[in-house]
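Down below is the structure, laid out as structure tokens.
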Amino acid sequence: MTSMMAGNTTTQRPADATTTGAAVEIDDVAVRFRTKKKDVTALTDVSLRIEPGEFVSIVGASGCGKSTLLKLVSGLLRPSSGQVRLHGEDVRGPRRDIGYVFQRAALLDWRTARRNILLQAEIRRIPKAQARERADELIAMTGLTGFEDAYPNELSGGMQQRVALCRALLHRPPVLLMDEPFGALDALTREQMNIELRRIWRETGTTVLLVTHSIAEAVYLANRVVVMTPRPGTVAELIDVDLPAERDYGQTMSEPAFARATGRIRDLLGATTTAE
Amino acid sequence: MAAQSSTDLLERTKSAQGGAVAARRPASVGASVARFVQGMWRPFAVLVAIFVAWWAVTAANLIEPYLVPSPSRTLDVILSQSGYFAHNTWITAYETILGFAIAIVVGVVSAVVMVYSPTVEKSLYPLLLFAQVIPKIAIAPLFVVWLGFGLTPKIVVAVLMAFFPIVISTVTGLKSIDPEMLQLSATMGAGPGQTFWKIRFPASLPHLFAGLKVAATMAVTGAVVGEFVGANEGLGYVILQANGNLDTPMLFAGLLIMSLLGVVLFVLVELIEYFVLPWHASRRTDAATTSL
Chain S
573 MTSMMAGNTT TQRPADATTT GAAVEIDDVA VRFRTKKKDV TALTDVSLRI
623 EPGEFVSIVG ASGCGKSTLL KLVSGLLRPS SGQVRLHGED VRGPRRDIGY
673 VFQRAALLDW RTARRNILLQ AEIRRIPKAQ ARERADELIA MTGLTGFEDA
723 YPNELSGGMQ QRVALCRALL HRPPVLLMDE PFGALDALTR EQMNIELRRI
773 WRETGTTVLL VTHSIAEAVY LANRVVVMTP RPGTVAELID VDLPAERDYG
823 QTMSEPAFAR ATGRIRDLLG ATTTAE
Chain Z
3 MAAQSSTDLL ERTKSAQGGA VAARRPASVG ASVARFVQGM WRPFAVLVAI
53 FVAWWAVTAA NLIEPYLVPS PSRTLDVILS QSGYFAHNTW ITAYETILGF
103 AIAIVVGVVS AVVMVYSPTV EKSLYPLLLF AQVIPKIAIA PLFVVWLGFG
153 LTPKIVVAVL MAFFPIVIST VTGLKSIDPE MLQLSATMGA GPGQTFWKIR
203 FPASLPHLFA GLKVAATMAV TGAVVGEFVG ANEGLGYVIL QANGNLDTPM
253 LFAGLLIMSL LGVVLFVLVE LIEYFVLPWH ASRRTDAATT SL
């Protein structure tokens, strides 16, 4: 029964309001870490509902538990209390139906770009021909053409992140988790990657959860922005981004709706940090 | 990083990488062997210089011939008794290579077990250190008592000498894996076997090879130490005999062949590393550090 549901959710469905319709449900979750001296509460009272096909950005001060939130959704971490559901299924243990991109590309030095992407297929035992075709498709989509046979140490930071993104998308995951994927890139490469990620998201229709420190990046990319408070992290506010689906980068930056959203986030983050 | 458009960056990487990729994939195995040998002319030149100096010192009669024999006398001894040397070199080489091979298997396996079980690591590590700290020359006679005069005690000492650097380097290598890489493999649904063979083990190879190079030279020392305490063949025995008879040309001949044996084994390991880790060796040449 549950496996059937997981199968169904991989196909795109219009967002409906039933309980099982959500791609990700986080229900009154708290995470506490026990260290030698004291207990640290990383997250508390976090509830969130993300519809299939949504692009949600998560912003907040350093150490507010943004990355912890992604680890909960992926099942790499269990909540101390509360529940996390992926397509209506309780998350217990690492989930295979997600794609993960970290700040560092985490590529294998001894594999070429293409073989790094295909690692995903080898471990999942996806038939070779099918995997190769999908990899070629992603390489073309992310602009890696011509770099397939380069080793990671021959690629720039932006190119390495593209490889990591291809690897995360190879198995067509219904949910893509991105933990500050462009944090280590220079400003211009980062803008370029934002434009490309927006396009790739629209082409694939994947649900995306993006953790970022850049307010502009969060607003440009997302339908909704989750603003979090400093530790113990909780949701301060959910901001709907009132921008058209087709977003030209330069034009978006000068939209009143963009200024409203970024202004509001800045206020919230500023207010929360001064309150500490 | 100066600000520049990513397409520009893209172009730069493309052109910079063109050469590197071409060099990475040599046309044939022969071509890469040639490249490997080409990189060795400098140490070879130094070796020739040392021989010339040795020859000059003895030819000018600066040192009595019974203290330091000339290179030609030493070579004469080797050539005139080539059968004798060939046999004894073969014995020592056999002990060394067998000891080295056993040390690799035992070392790598115990490192893997230690990395996967903290309990085993905590209980085994101090024991390992203890075994390493005991001078091998001090316990070698014990092995002769236990195992007799045959080749076995020599192989055991060679294993003991070579084992430690292999364990330490493999443990370090297996632990050096990026934790995010392990999390990633968990979300791919990788089993422990897949994670080990596809990610952890290949990532540990640069460390492992560093340990193997140290261990290769240690294995030669181990075999010779084993021969010193009780043997009737092998290079250690040849040297001990020559020393007893004050036969310095024979002594020098033994030393020369013994060092050659160590160097050959070292180069062999380096050659294997060169082929197994092309992605790593290429980085080393960037840093212009070739060990030989």
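These protein sequence lines map, in sequence, to chains S and Z.
Just add 572 to the spot in the first sequence (first one is 1) and you have my numbering.
Just add 2 to the spot in the second sequence (first one is 1) and you have my numbering.
Beta carbons: idealized from backbone N, C-alpha and C, even for Gly.
Under 8 Å by Cβ, that's how I've got ASP751 (chain S) and LEU642 (chain S) pegged, so tell me the actual separation to the nearest angstrom. Confirmed, Cβ separation roughly 5 Å.
Contacting residues, own chain, Cβ-Cβ under 6 Å from ILE157 (chain Z) (five flanking each side not counted): Taking ILE157 (chain Z) as the centre and dropping the five residues before and after it, the same chain places the C-beta of GLU97, LEU100, GLY101 closer than 6 Å to its C-beta, in chain order.
Within the segment 619 to 673 of chain S, ranges of the beta strand (DSSP E) (whole runs, at least 3 residues): Complete beta strand (DSSP E) runs here, min 3: 627 to 631, 653 to 658, 670 to 673.
What residue does the beta strand (DSSP E) around THR708 (chain S) start on, and which one ends it? A small fix is needed here, since residue 708 (chain S) is Asp in this sequence, not Thr. Counted as a single uninterrupted DSSP element, the stretch harbouring ASP708 (chain S) is not any beta strand (DSSP E) but the alpha helix (DSSP H) occupying residues 700 to 713.
Quick check: VAL2 (chain Z) and MET260 (chain Z), are their CB atoms within less than 8 Å of each other? Outside the shown range of chain Z, which is 3 to 294, sits residue 2 (chain Z), and nothing can be said about it.
Taking one C-beta from the segment 819 to 828 of chain S and one from the segment 648 to 658 of chain S each time, how about it: are there three or more such pairs within less than 8 Å? No, the segment 819 to 828 of chain S does not touch the segment 648 to 658 of chain S.
What is the DSSP secondary structure of ALA817 (chain S), counted as helix, strand or coil? Residue state, collapsed to three classes: coil.
Express the C-alpha separation of VAL747 (chain S) and ALA594 (chain S) in angstroms, rounding to a whole number. Cα to Cα, ALA594 (chain S) sits roughly 11 Å from VAL747 (chain S).
For MET800 (chain S), name the three-state secondary structure that DSSP assigns. DSSP places MET800 (chain S) in strand when its eight states are reduced to three.
I'd like to know if ILE189 (chain Z) contacts chain S, where contact means its C-beta is closer than 8 Å to some C-beta of that chain. Per the sequence shown, residue 189 (chain Z) should be read as Thr rather than Ile. THR189 (chain Z) counts as touching chain S.
DSSP state of GLY152 (chain Z), grouped into three classes? Of the three classes helix, strand and coil, the one that applies to GLY152 (chain Z) here is coil, per DSSP.
For SER84 (chain Z) and ASN245 (chain Z), the rounded distance between their alpha carbons: For the pair ASN245 (chain Z) and SER84 (chain Z), the Cα-to-Cα distance works out to about 19 Å.
May I have the straight-line CA-CA distance separating GLY625 (chain S) from VAL596 (chain S), to the nearest angstrom? Each residue's Cα considered, the two are about 11 Å apart.
Restricting to runs no shorter than 3 residues, where is the beta strand (DSSP E) found entirely within the segment 86 to 140 of chain Z? If we require 3 residues or more, the segment 86 to 140 of chain Z turns out to have no beta strand (DSSP E) run fully inside it.
Short of 9 Å Cβ to Cβ, which residues in the segment 752 to 764 of chain S face chain Z? Taking 9 Å as the Cβ-Cβ cut-off against chain Z, the residues of the segment 752 to 764 of chain S that qualify are LEU757, ASP758, ALA759, LEU760, THR761, ARG762, GLU763, GLN764.
Where ARG571 (chain S) and LEU270 (chain Z) are concerned, what is the direct C-alpha to C-alpha distance, given to the nearest angstrom? Here chain S covers residues 573 to 848 and nothing more, so residue 571 (chain S) does not appear.
Measure the C-alpha to C-alpha separation of GLY191 (chain Z) and ALA740 (chain S) and round it to an integer number of angstroms. Rounded to the nearest angstrom, the two C-alpha atoms are 13 Å apart.
Between the segment 759 to 766 of chain S and the segment 713 to 730 of chain S, do three or more beta carbon pairs fall short of 8 Å? Output reads yes: the segment 713 to 730 of chain S touches the segment 759 to 766 of chain S.
Just to check my reading of the structure: ALA602 (chain S) and LEU615 (chain S) have Cβ atoms closer than 8 Å, yes? What is that Cβ distance to the nearest angstrom? Cβ-Cβ separation between ALA602 (chain S) and LEU615 (chain S): approximately 6 Å, consistent with a contact (criterion under 8 Å).
Determine, using beta carbons only, whether ARG696 (chain S) and THR714 (chain S) come nearer to each other than 8 Å. No. Outside cutoff.
How about VAL612 (chain S) and VAL799 (chain S): are their beta carbons less than 8 Å apart? No.
Per-residue DSSP class, three states only, for ARG676 (chain S): Reduced to three states, the DSSP call for ARG676 (chain S) is coil.
In the DSSP output, what is PHE605 (chain S) paired with across the bridge? Answer by DSSP bridge pairing, in chain order: S:VAL612.
From GLY152 (chain Z) to GLU229 (chain Z), what does the alpha carbon distance come to, in whole angstroms? Looking at the two C-alpha atoms, the distance is approximately 10 Å.
Quick check on DSSP: helix, strand or coil for VAL596 (chain S)? Here VAL596 (chain S) carries a strand assignment [DSSP, helix/strand/coil].
Suppose you measure from the CA of ASN234 (chain Z) to the CA of PRO181 (chain Z); what does that come to, to the nearest Å? Between ASN234 (chain Z) and PRO181 (chain Z), the C-alpha separation is close to 53 Å.
For GLY224 (chain Z) versus ALA164 (chain Z), is the C-beta distance shorter than 8 Å? Closer than 8 Å, so yes.
Contacts that ALA646 (chain S) makes with chain Z (C-beta to C-beta distance below 7 Å): The sequence given here places Ser at residue 646 (chain S); Ala does not occur at that position. Under a criterion of Cβ atoms nearer than 7 Å, the residues of chain Z adjacent to SER646 (chain S) are, in order, THR189.
Contact list for ILE695 (chain S) against chain Z, beta-carbon separation under 8 Å: Simply SER187, MET190, GLY191, ALA192, GLN196, LYS200.
Counting contacts by CB-CB distance shorter than 8 Å, is PRO204 (chain Z) in contact with chain S? By this cut-off, PRO204 (chain Z) is an interface position.
Can you check whether the C-beta of TRP281 (chain Z) is within less than 8 Å of a C-beta belonging to chain S? For TRP281 (chain Z), the answer is yes, since a Cβ of chain S falls inside 8 Å of its Cβ.
Does DSSP put MET190 (chain Z) in a helix, a strand or coil? MET190 (chain Z) falls in the coil class under three-state DSSP.
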